[in-house]
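Shown next, in structure tokens, is the structure this report addresses.
In the working numbering, the protein residues as written are 365 to 753.
Encoded structure:
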């Protein structure tokens with residue numbers, strides 16, 4: 365193995381160590397769990413549960429005002445998506461099986477030539493690039509959303525206007541928060557909520573890493589089929605290994621769908637509505653000439669759009685690689701092979717006829733075509749809100 369291959373192998377092997385560290389900070393990552401990590405996770409989940417409960421109480425108390433309900437749902441829907449994904453990653457047994465399976469696959473003896481390592485590295489780099497871009501954008505969005513009320517308060521004070529400090533996240537108040545000092549205390553207590561945005565995007569990076577690994581393994585299988593020759597001393601042993609590899613990839617893909625299909629269904633429903641709500645608020649801020657609010661909501665819209673696209677991109681990649689594998693079976697030199705090879709190839713073709721799909725609720729299939737449908741539905745909600753309010 366040359367130096368470049370060693371570098372690629374190290375990047376592939378330690379991919380999840382790099383992209384999971386925001387979750388590991390609070391003990392959310394299900395590997396290498398420590399007592400201190402469990403304590404941090406317990407504190408965070410307790411804090412988050414209390415805060416989310418107060419958000420839901422606020423939602424119940426403002427049911428008569430559509431505009432306030434929209435403001436609450438913009439935050440509550442996102443926070444619920446975040447905590448659901450955190451629970452799946454931390455406590456899901458299927459998630460641990462997926463991680464263990466990927467760690468077994470990323471062993472140097474499983475690569476037959478440098479090209480296979482290059483293929484897997486290429487797919488792994490997609491997940492890492494998304495993680496880097498997504499977490500930075502999420503951090504900027506979270507900070508902008510958190511500091512906007514305080515910035516508005518300071519600007520109003522400097523202009524000698526009547527300044528009222530409001531909390532960045534809507535919650536139900538059990539006490540009177542009209543004194544600025546009390547509001548400031550609650551404001552400071554909501555600081556950890558910024559972490560949920562980063563953890564939510566990181567969970568997307570983890571899922572993308574899982575899917576890209578499956579796509580990479582399918583691409584490696586395609587590469588092996590394309591160079592396959594009927595010159596093996598033991599063709600049955602060759603196809604036994606090939607079939608076992610093929611089956612394992614499909615099993616891991618099924619685990620992925622089983623672990624995340626409900627989360628993806630909730631994401632689909634929530635983000636479709638959420639993008640519409642945020643775009644509506646964005647248009648209101650433009651009308652009010654609130655430049656800081658416009659910029660903050662613009663980054664929020666961009667973040668949510670990227671997350672929707674990520675789901676559709678993952679589904680499209682799986683479908684593309686399954687199609688490529690099927691075509692590789694058809695295009696190999698089967699006519700020059702022995703009868704046993706031909707029969708084994710037919711069996712492999714049959715198992716690849718049904719492509720691997722990433723679904724929401726096991727019925728809605730993600731693809732680039734569905735991305736356009738989701739965005740179109742969100743814009744319908746915007747038009748409906750502008751008509752109703």
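All C-beta atoms, glycine included, are put in the ideal place defined by N, C-alpha and C.
{"Query": "Quick check: the Cα distance between residue 631 and residue 445, rounded to an integer number of angstroms?", "Result": "6 Å"}
{"Query": "Assuming residue 567 and residue 450 form a contact by the criterion Cβ under 8 Å, report the distance between their Cβ atoms to the nearest whole angstrom.", "Result": "7 Å"}
{"Query": "I need the DSSP call for residue 511, collapsed to helix, strand or coil.", "Result": "helix"}
{"Query": "Roughly how many angstroms lie between the CA atoms of residue 609 and residue 374, to the nearest whole one?", "Result": "22 Å"}
{"Query": "Starting from the Cα of residue 456, find the closest Cα among 619, 637, 407 and 611 and give me that residue.", "Result": "619"}
{"Query": "Can you tell which of 500, 689, 393 and 516 has the C-alpha that lies nearest to the C-alpha of residue 606?", "Result": "689"}
{"Query": "Within the chosen definition, does the segment 463 to 474 reach the segment 620 to 640 through at least 3 CB pairs nearer than 8 Å?", "Result": "no"}
{"Query": "Would you check if the distance between the CB atom of residue 578 and the CB atom of residue 409 is smaller than 9 Å?", "Result": "no"}
{"Query": "Using CA coordinates, which residue listed in 544, 570 and 676 is at the minimum distance from residue 462?", "Result": "570"}
{"Query": "Given this structure, state the Cα-to-Cα distance separating residue 379 from residue 667, to the nearest angstrom.", "Result": "23 Å"}
{"Query": "Can residue 588 and residue 436 be called in contact, C-beta distance under 9 Å?", "Result": "no"}
{"Query": "Residue 388 and residue 400: beta carbons closer than 9 Å?", "Result": "no"}
{"Query": "With the cut-off set at 9 Å, would you say residue 729 and residue 679 are in Cβ contact?", "Result": "yes"}
{"Query": "How long is the line joining the alpha carbons of residue 550 and residue 506, rounded to whole angstroms?", "Result": "17 Å"}
{"Query": "At what residues does the alpha helix (DSSP H) containing residue 587 begin and finish?", "Result": "558 to 590"}
{"Query": "Within the continuous alpha helix (DSSP H) that includes residue 748, where are the two ends?", "Result": "732 to 752"}
{"Query": "How about residue 452 and residue 627: are their beta carbons less than 9 Å apart?", "Result": "yes"}
{"Query": "Could you check whether residue 713 and residue 699 sit closer than 9 Å to each other, using their CB atoms as the reference points?", "Result": "no"}
{"Query": "What does a CB cutoff of less than 7 Å around residue 439 pick up in its chain, not counting 5 residues either side in sequence?", "Result": "419, 533 and 534"}
{"Query": "Verify whether the separation of the beta carbon atoms of residue 779 and residue 685 is less than 9 Å.", "Result": "Summary: the structure shown does not reach residue 779, with the chain confined to residues 365 through 753, and so no result is reported for it."}
{"Query": "Run through the DSSP bridge pairs and tell me what residue 728 is partnered with.", "Result": "724"}
{"Query": "Using CA coordinates, which residue listed in 691, 515 and 645 is at the minimum distance from residue 433?", "Result": "645"}
{"Query": "Specify the secondary structure class of residue 398 as computed by DSSP and reduced to three states.", "Result": "coil"}
{"Query": "Report buried or exposed for residue 386, applying the criterion of at least 16 other Cβ atoms within 10 angstroms of its Cβ.", "Result": "buried"}
{"Query": "I'd like to know whether the C-beta atoms of residue 376 and residue 501 end up nearer to each other than 9 Å.", "Result": "no"}
{"Query": "Looking at the secondary structure, which residues open and close the alpha helix (DSSP H) in which residue 554 lies?", "Result": "Element bounds for residue 554: n/a, residue is neither H nor E."}
{"Query": "Mind checking whether residue 529 and residue 548 have CB atoms under 9 Å apart?", "Result": "yes"}
{"Query": "Just verifying my parser: in three-state terms, what is the DSSP assignment at residue 610?", "Result": "helix"}
{"Query": "To which residues of the same chain is residue 721 closer than 6 Å at the C-beta, ignoring the five residues directly before and after it?", "Result": "729"}
{"Query": "Measure the CB-CB distance between residue 614 and residue 715 and report whether it falls below 9 Å.", "Result": "yes"}
{"Query": "Determine the direct distance from the alpha carbon of residue 665 to that of residue 691, and round the result to whole angstroms.", "Result": "39 Å"}
{"Query": "Can you give me the start and stop residues for the alpha helix (DSSP H) that residue 475 sits inside?", "Result": "No alpha helix (DSSP H) holds residue 475; DSSP gives it neither H nor E."}
{"Query": "Three-state secondary structure (DSSP) at residue 542?", "Result": "coil"}
{"Query": "For the putative contact between residue 512 and residue 660, defined by C-beta atoms under 8 Å, what is the C-beta separation to the nearest angstrom?", "Result": "5 Å"}
{"Query": "Using a 10 Å radius around the Cβ and a threshold of 16 neighbouring Cβ atoms, would you call residue 524 buried or exposed?", "Result": "exposed"}
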